[in-house]
Amino acid sequence: MKAIVVGSGGREHALAWKLLRSPNVTEVICIPGNGGTALLPGCRNVAMAATDAEGIARCALVNNPAFVLIGPEQPLAEGLANMLRAQTIKVFGPNQDGAQIESSKAWAKALMVDAGVPTAESAVFTDGPSAIAYLHEQNKAKGMPIVVKADGLAAGKGVTVALTLEEAIAAVEDIFRGQFGAAGDRVVIEEFLQGQEVSVLAVTDGLTIRPLLPAQDHKQIGEGDTGPNTGGMGAYAPTPVMPADLLARVQAEVLEPTLKGLRAKGISYQGVLYAGLIITPEGDPKVIEFNCRFGDPETQAVLPLLDTPLEKIVLACCEKRLADMPPFAWKEGASACVVMAAQGYPGSYRKGLSISGIDTAESEDSGVVVFHAGTRLKNGALESSGGRVLGVTAIAPTFDDAIAKAYQAINKIDFPDSYYRRDIGHRVKGQA
Ligand code: AMP
Ligand code: GLY
Numbered sequence: 001m002k003a004i005v006v007g008s009g010g011r012e013h014a015l016a017w018k019l020l021r022s023p024n025v026t027e028v029i030c031i032p033g034n035g036g037t038a039l040l041p042g043c044r045n046v047a048m049a050a051t052d053a054e055g056i057a058r059c060a061l062v063n064n065p066a067f068v069l070i071g072p073e074q075p076l077a078e079g080l081a082n083m084l085r086a087q088t089i090k091v092f093g094p095n096q097d098g099a100q101i102e103s104s105k106a107w108a109k110a111l112m113v114d115a116g117v118p119t120a121e122s123a124v125f126t127d128g129p130s131a132i133a134y135l136h137e138q139n140k141a142k143g144m145p146i147v148v149k150a151d152g153l154a155a156g157k158g159v160t161v162a163l164t165l166e167e168a169i170a171a172v173e174d175i176f177r178g179q180f181g182a183a184g185d186r187v188v189i190e191e192f193l194q195g196q197e198v199s200v201l202a203v204t205d206g207l208t209i210r211p212l213l214p215a216q217d218h219k220q221i222g223e224g225d226t227g228p229n230t231g232g233m234g235a236y237a238p239t240p241v242m243p244a245d246l247l248a249r250v251q252a253e254v255l256e257p258t259l260k261g262l263r264a265k266g267i268s269y270q271g272v273l274y275a276g277l278i279i280t281p282e283g284d285p286k287v288i289e290f291n292c293r294f295g296d297p298e299t300q301a302v303l304p305l306l307d308t309p310l311e312k313i314v315l316a317c318c319e320k321r322l323a324d325m326p327p328f329a330w331k332e333g334a335s336a337c338v339v340m341a342a343q344g345y346p347g348s349y350r351k352g353l354s355i356s357g358i359d360t361a362e363s364e365d366s367g368v369v370v371f372h373a374g375t376r377l378k379n380g381a382l383e384s385s386g387g388r389v390l391g392v393t394a395i396a397p398t399f400d401d402a403i404a405k406a407y408q409a410i411n412k413i414d415f416p417d418s419y420y421r422r423d424i425g426h427r428v429k430g431q432a
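Numbering (UniProt numbering), first residue to last: 1 to 432.
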């Protein structure tokens with residue numbers, strides 16, 4: 001069978017790689033893909049933007065894939081899935097209505113409140129003065145920190161955890177000044193929740209929902225989880241912060257009610273529902289955000305542990321037969337993904353930096369796989385094309401071994417202008 005994967009990041013490389021591990025999958029077409037998918041045997045890149053709905057629909061009609069898997073949120077929010085489904089193409093990824101769970105934080109909040117899903121207390125504003133008045137009130141009542149969020153998609157940059165009232169006010173003003181365009185027409189102000197964050201990526205056919213292994217990522221650029229937020233500097237799975245009993249609570253208190261809430265709105269949601277959770281000091285899971293897609297880099301850490309063929313899960317979701325699937329099979333052990341970025345990221349950085357040695361890093365240990373996040377092939381040679389460049393991933397019986405293996409692999413990669421954190425997985429060091 002043939003499959004199409006839309007997107008160009010480490011997540012999409014990991015998805016294409018995982019699909020091609022199954023003997024049932026003969027070809028993956030990546031739109032547009034990256035240097036890693038170009039080099040992946042069985043995979044072919046088609047140069048077209050991930051948001052070019054008409055182009056992608058044409059490509060699907062010509063190639064007749066078993067399904068189209070949409071990686072990033074932008075095309076989902078723009079209705080790519082609707083357009084493909086209208087042509088009877090099987091799609092993994094929600095329609096535009098369901099994608100609102102990520103594309104509007106206010107919409108997602110209302111859904112959570114209606115469905116009784118535990119989340120931070122919040123209020124939504126459409127103008128600066130009311131938002132600022134509310135900040136003053138909250139500051140008096142509860143003090144800081146407080147969280148200010150642009151309502152819409154802002155490429156991970158729309159959230160400010162404000163430590164002072166001044167910072168919170170500045171964040172509100174920036175959003176209403178139009179820093180994020182239409183994504184900032186509304187502002188969500190939210191109670192600050194303390195605790196560890198866990199990413200639960202769940203797959204659903206709209207009727208049944210099942211979590212994958214829980215993961216954690218490192219959002220901040222600096223070691224010790226300091227400095228500005230990034231798309232994610234590393235990830236690991238399965239996190240011991242979410243043992244089976246807690247995951248069962250997430251299933252019962254978050255995933256199932258959310259799916260029911262979507263259905264109550266007449267939304268048939270097929271694809272990934274990604275719950276970004278905080279585990280409170282009392283041990284309760286609360287949602288801080290939903291995403292309508294696989295997480296990145298979490299997917300790079302989770303998929304190498306999956307034994308069930310990915311195309312079976314995807315098709316079961318597309319065909320509404322997830323309930324009939326046996327439980328997903330997972331490898332024992334742990335995985336760790338360390339992101340190699342270009343120096344300067346998440347600020348300004350250079351592109352076109354040369355990279356070599358990936359073959360050596362992968363061939364010397366079968367538990368290592370290097371996913372490409374921002375690379376391209378130029379005259380046959382590999383170079384960087386983005387801020388996050390590689391996701392060096394390793395699986396091993398323990399976290400310590402997986403982390404050590406990932407760093408050993410990094411040492412074999414020749415990418416002189418790179419930056420990576422040396423403390424990925426510090427929260428799980430010493431744990432099985
Ligand atoms: P989001 O885009 O909503 O995931 O927010 C980005 C990051 O901001 C999250 O990964 C958290 O680290 C932080 N964050 C968001 N909402 C809250 C909250 N209510 N309490 C504490 N931290 C938050
Ligand atoms: N790693 C966070 C995300 O994918 O949004």
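Backbone N, C-alpha and C define an ideal beta-carbon position, used for all residues, glycine too.
First and last residue of the uninterrupted alpha helix (DSSP H) at Pro75:
73-77
Taking only runs that begin and end inside the region 338-392, name each unbroken beta strand (DSSP E) of 3 or more residues, in chain order.
368-372, 375-378, 381-384
Could you tell me if Ala162 is buried or exposed, where buried requires 16 or more neighbouring beta carbons within 10 angstroms of its beta carbon?
Ala162 is buried by the Cβ-count criterion.
Identify the continuous beta strand (DSSP E) that holds Val188 and give its terminal residues.
187-191
Please go through the region 71-119 and give each complete alpha helix (DSSP H) segment of 4 or more residues, from N-terminal end onward.
Unbroken alpha helix (DSSP H) stretches of 4 residues or longer found wholly inside the region 71-119: 73-77, 80-85, 96-103, 105-115, given in chain order.
For Leu213, count neighbouring Cβ atoms within 10 angstroms of its own Cβ and tell me buried if that reaches 16, exposed if not.
Leu213 comes out buried.
Go through the region 251-332 residue by residue and report every complete run of the alpha helix (DSSP H) that reaches 4 residues or more, in order.
Counting only runs of at least 4 residues, the region 251-332 fully encloses the following alpha helix (DSSP H) elements, listed from N- to C-terminal order: 256-264, 298-302, 310-318.
I need the straight-line Cα distance from Arg263 to Ile101, nearest angstrom please.
13 Å
With a threshold of 8 Å (Cβ to nearest heavy atom), would Ala120 be considered close to the ligand AMP?
yes
Select from Phe399, Glu362, Ser354, Val6 the residue whose C-alpha is nearest the C-alpha of Ala381.
Ser354
Residues of its chain near Phe176, where Cβ-Cβ distance is below 6 Å and the 5 sequence neighbours each way are ignored
Gly128
Would you identify the three-state DSSP class for Gly195, choosing helix, strand or coil?
Three-state result, Gly195: coil.
Considering just the uninterrupted stretch of the beta strand (DSSP E) at Pro129, what are its terminal residues?
Careful: Pro129 lies outside any beta strand (DSSP E), inside the alpha helix (DSSP H) at 128-141.
In the DSSP assignment, find the beta strand (DSSP E) that holds Asn45 and state where it starts and stops.
43-45
For the region 313-332 against the region 216-229, do three or more pairs of beta-carbon atoms, one drawn from each stretch, fall closer than 8 Å, so that the two count as touching?
No, they do not touch.
Nearest chain C C-beta to Ala235 closer than 9 Å, yes or no?
Note that chain C does not occur in the displayed structure, where there is just one protein chain.
Can at least three beta-carbon pairs, one atom from the region 46-55 and one from the region 72-81, be found at a separation below 8 Å?
yes
Using CA atoms only, rank isn't needed, just tell me which of Asp359, Ala154, Ser22, Asp401 is closest to Lys105.
Ala154
Jot down the residue ranges of each uninterrupted beta strand (DSSP E) in the region 31-67, minimum 3 residues, whole runs only, in chain order.
43-45
Would you mind reading off the limits of the alpha helix (DSSP H) that contains Phe399?
399-412
Please indicate yes or no: does the CB of Val25 lie closer than 8 Å to some heavy atom of the ligand AMP?
Because no heavy atom of the ligand AMP lies under 8 Å away, the Cβ of Val25 does not count as near it: no.
In chain order, what residues have a CB nearer than 5 Å to some heavy atom of the ligand GLY?
Asp217, Gly232, Gly295, Asp296
Using C-beta distances below 7 Å, list every residue in its chain close to Ile89, excluding the 5 sequence neighbours before and after it, in chain order.
In chain order, Ala60, Val68 place their CB closer than 7 Å to the CB of Ile89, counting only its own chain and leaving out the 5 sequence neighbours on each side.
For Asp245, name the three-state secondary structure that DSSP assigns.
The answer is helix: DSSP assigns Asp245 an H, G or I state.
Thr258 classed as buried or exposed, judged by whether at least 16 other C-beta atoms fall within 10 angstroms:
buried
Does the region 378-396 come into contact with the region 341-349, if we say contact requires no fewer than three beta-carbon pairs (one atom in each stretch) closer than 8 Å?
Taking one beta carbon from each stretch, the region 378-396 and the region 341-349 have 3 or more pairs nearer than 8 Å; the two touch.
Pairwise C-alpha distance: Gly206 and Lys260
9 Å
Alpha carbon to alpha carbon, how far is Ala409 from Ala123?
46 Å
Out of Ala215, Gly234, Gly357, Thr204, state which residue places its alpha-carbon closest to the alpha-carbon of Gln321.
Residue identity check: residue 321 is Arg in the sequence provided, not Gln. Looking at the Cα atoms, Thr204 is the closest of the given residues.
Taking all protein chains shown into account, decide if Asp151 is buried (16 or more other Cβ within 10 angstroms of its Cβ) or exposed.
Residue burial is scored here from C-beta neighbours: Asp151 has at least 16 other C-beta atoms within 10 angstroms and is therefore classed as buried.
Taking the C-alpha atoms as reference points, what is the distance between Lys331 and Gln270?
25 Å
Can you list, in chain order, the residues of its chain with a C-beta nearer than 7 Å to that of Gly116? Leave out the 5 residues immediately preceding and following it.
Pro257
Quick check: the Cα distance between Trp17 and Gly333, rounded to an integer number of angstroms?
Their Cα atoms are separated by approximately 20 Å.
I need the straight-line Cα distance from Gly178 to Ile358, nearest angstrom please.
42 Å
According to DSSP, what are the bridge partners of Ser122?
Glu190
From Asn64, Pro65, Gln96, Val91, pick the residue whose C-alpha is nearest to that of Ala77; which is it?
Gln96
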